[in-house]
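Asker:
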Amino acid sequence: MLLRDLLADLDYQIIQGSDDIDINMIQNDSRRVGEGDLFFCISGAVSDGHNYAEDVATKKAAALLVEKEVEVPAEVTVIKVKSTRYAMGIISSKFYGEPSKKLKVIGITGTKGKTTTTYMIREMLELAGHKTGLIGTIEIINGKKAIPAANTTPESIILHKYLNDMVENGLDTVVMEVSSQGLMLDRVAGVDFDFGIFTNLSKDHIGPNEHKTFEEYMMWKAKLFTMCKTGIINIDDEHSGDMTESAVCELLTYGVDEGADYRAEDFKLYSKDGVLGIEYQLTGEMKGNVIVDLPGEFSIHNSLAAIVVAHKMGVDFESIKEILKAIKVRGRVEMIPISDSFTIMIDYAHNAMSLESILKALRDYQPKRLVTLFGCGGNRSRDRRFEMGEVAGNMADLTIITSDNPRNEEPQAIIDDIKIGIAKTKGKYIEIADRKEAIRYAIMNAVPGDVVVLAGKGHEDYQEINGVKHHMDERELIKEILEEEDVTKICGYNNRYFA
């Protein structure tokens, strides 16, 4: 592709050479540069791509995109722009044929709830017939495979390649998490967003190598609403006005506030046959009764965001209602219905804040006992262990301490740290280091009305021990336990999940 065509939407200066040359491939990693490539000199927090200019020139790169001076042989074209990060996004989009314009692109930003809302919207659209990809904290789903994610929002050169893969794989829609870092570092430059969604905002990601102040953090979040065609805003959040102050898009709102375009009224928690959920009356742009088989009041906002997107994409209300009753988000308050008498669920809560949030939400259902099973990862801050132990001791009726990803630590040492936190409370606990055996204990000792949370692993299907990832999926562990035990001894056994 001609360099001139790649640069068409940018202000640039030719320092040497010509823009009338063919580009073979685009690169931002000097180790991957080959003959005829364009190399982006990115000024990063760890290293500066300008320092590799001479190296890539010796590899016969055709051109360098720079924002400061470099010295390379005369036969190498040098193009100067104000921001190589921004230019990389615009050029990457051009190089891959502007794939975001061939997809419906839904971007989600906020402090909490991005991942759950992303999966909920993808599930909603998939069940409604839209072939939908996903880009987020956990993985990238491109229509053929799932790829583990390195960043919540990938670098633009990678992002546009993923979007192109989705187009080539026959997808028509993509839902993606958009982090404040992704917006600040122009990782989404060149992306044509159809919808931007704001979930909520609280103090987070403020410190070295992130954002200097909360105001700065908020400013970068709000940038999404200068880039999308339609903004979908949680009106209940106190910072919703800040998100829309500079918006240049159509705005729609959701929430329980009476001014919301899509409003949840008369909501109530329900528990039936081991399944926890929430029910509400939807008013405003759509009207009717909504049931969501996911627990917690936060499921109101997550489901409302999904409803708005689905409605704007032409999904009828009856279909939306049916989908919400069947929707599941892997590893996020994911219920495994094996009993009519007690509830067991898998959740990714892996720090004190997320554990407290899920336990508080579940306590609202007034369970007979709230049982939490968790461990902590090795080679991580010990403070997390103390904190999670204290939260569990204060909020759960019984804690089952077990192993998570011990990595290079002894599982018992991690368990002992968790016990230090629990010792600050009056909470009851037992310790069972083997996670499968811990889950077996939780199932075989459940009583009517219990809510059991398997916390920490969520979507993960492995356990990391001494640098090796061993396959371990909690869903499979539960299935194995049911096959190994006399199920007549399981409280209210009625296996609807593995049937």
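Numbering (the numbering used here), first residue to last: 11 to 509. By construction, the Cβ of each residue, glycine as well, lies at the ideal position given by its N, Cα and C atoms. As the structure is a prediction and not an experimental result, all values here were calculated from the model.
Taking the C-alpha atoms as reference points, what is the distance between Glu85 and Gly180?
Answerer: 41 angstroms
Asker: Do you know offhand how far Leu487's Cα is from Gly502's?
Answerer: 19 angstroms
Asker: Terminal residues of the continuous beta strand (DSSP E) containing Thr87?
Answerer: Thr87 to Lys90
Asker: Can you tell me the Cα-Cα spacing of Asn505 and Asp414, whole angstroms?
Answerer: 26 angstroms
Asker: Assuming the contact rule is C-beta atoms closer than 8 angstroms, Gly341 and Gly468 should be a hit. Round their C-beta distance to whole Å, please.
Answerer: 3 angstroms
Asker: Enumerated in chain order, which unbroken segments of the beta strand (DSSP E) with a length of 3 residues or greater are wholly contained in the segment 16 to 60?
Answerer: 23 to 26 and 48 to 50
Asker: For Leu380, report the span of its beta strand (DSSP E) as first-last.
Answerer: Leu380 to Phe384
Asker: Please determine, among Leu12, Arg485, Ala138 and Thr435, the residue with the shortest C-alpha to C-alpha distance to Lys331.
Answerer: Ala138
Asker: Considering only DSSP beta bridges, list what Ser349 is partnered with.
Answerer: Tyr503
Asker: Going by DSSP in three states, Phe508 sits in which element: helix, strand or coil?
Answerer: In this structure, Phe508 counts as coil in the three-state DSSP scheme.
Asker: How big is the Cα-Cα spacing for Ser53 and His321?
Answerer: 42 angstroms
Asker: Do Lys239 and Cys259 have their CB atoms nearer than 9 angstroms?
Answerer: yes
Asker: Pull up the CB-CB distance for Lys104 and Leu16, whole angstroms please, since I reckon it's below 8 angstroms.
Answerer: Right, the Cβ-Cβ distance comes to about 5 angstroms (below 8 angstroms), so this counts as a contact.
Asker: Which residues bound the alpha helix (DSSP H) around Tyr9?
Answerer: Since the displayed the chain opens at 11 and closes at 509, residue 9 lies outside it and no answer follows.
Asker: Taking C-alpha atoms, which residue in His60, Glu494 and Glu79 lies nearest to Gln23?
Answerer: Glu79
Asker: Nearest by alpha-carbon distance to Met237: which of His249, Ser256, Ala274 and Arg395 is it?
Answerer: It is Ser256 whose Cα lies nearest to the Cα of Met237.
Asker: For Leu12, report the span of its beta strand (DSSP E) as first-last.
Answerer: No beta strand (DSSP E) holds Leu12; DSSP gives it neither H nor E.
Asker: With a cut-off of 8 angstroms, do at least 3 Cβ pairs link the segment 323 to 330 to the segment 145 to 163?
Answerer: no
Asker: So the beta strand (DSSP E) Leu195 belongs to, where does it begin and stop?
Answerer: That residue, Leu195, is in no beta strand (DSSP E); it is neither H nor E in DSSP.
Asker: In the DSSP assignment, what are the bridge partners of Val115?
Answerer: According to the DSSP secondary-structure assignment, Val115 is paired through a beta bridge with Val184.
Asker: Please report the distance separating the alpha-carbon of Thr125 from that of Val339.
Answerer: 9 angstroms
Asker: Secondary structure at Thr254, three-state DSSP: helix, strand or coil?
Answerer: Three-state result, Thr254: helix.
Asker: How is Glu133 classed by DSSP in three states: helix, strand or coil?
Answerer: helix
Asker: What is the rounded straight-line gap between the Cα of Met228 and the Cα of Ala456?
Answerer: Spanning the two alpha carbons is a distance of roughly 44 angstroms.
Asker: Can you tell me whether DSSP reads Thr163 as helix, strand or coil?
Answerer: coil
Asker: Taking a contact to mean a Cβ-Cβ separation below 9 angstroms, would you say Leu262 touches Tyr272 in this structure?
Answerer: yes
Asker: Note down, in chain order, each residue of its chain lying with its Cβ closer than 6 angstroms to the Cβ of Pro421, except the 5 sequence neighbours on either side.
Answerer: Ser413 and Ala443
Asker: Could you spell out where the alpha helix (DSSP H) holding Asp65 opens and where it closes?
Answerer: Ala63 to Thr68
Asker: Compare the Cα-Cα distances from Gly46 to each of Thr87, Glu133 and Ala18 and report the closest residue.
Answerer: By alpha-carbon distance to Gly46, the top candidate from Thr87, Glu133 and Ala18 is Thr87.
Asker: Output yes or no for whether 9 angstroms exceeds the beta carbon distance between Asp303 and Val285.
Answerer: Going by C-beta atoms, Asp303 is nearer than 9 angstroms to Val285.
Asker: To which residues of the same chain is Ala406 closer than 7 angstroms at the C-beta, ignoring the five residues directly before and after it?
Answerer: Leu369, Leu380, Val381, Thr382 and Gly437
Asker: Which term fits Ala509, buried or exposed, when burial requires 16 or more other beta carbons within 10 angstroms of its beta carbon?
Answerer: exposed
Asker: Taking the CB atoms as reference points, tell me whether Glu397 and Asn361 lie closer together than 9 angstroms.
Answerer: Contact: yes.
Asker: Who are the Cβ neighbours of Ile25 in its own chain at under 6 angstroms, not counting the five residues just before and after it?
Answerer: Result list for Ile25: Val88 and Lys90, in chain order.
Asker: Would you call Met454 buried or exposed, if buried means 16 or more other Cβ atoms sit within 10 Å of its Cβ?
Answerer: exposed
Asker: Suppose you measure from the CA of Thr223 to the CA of Asp247; what does that come to, to the nearest Å?
Answerer: C-alpha separation (whole angstroms): 19 angstroms.
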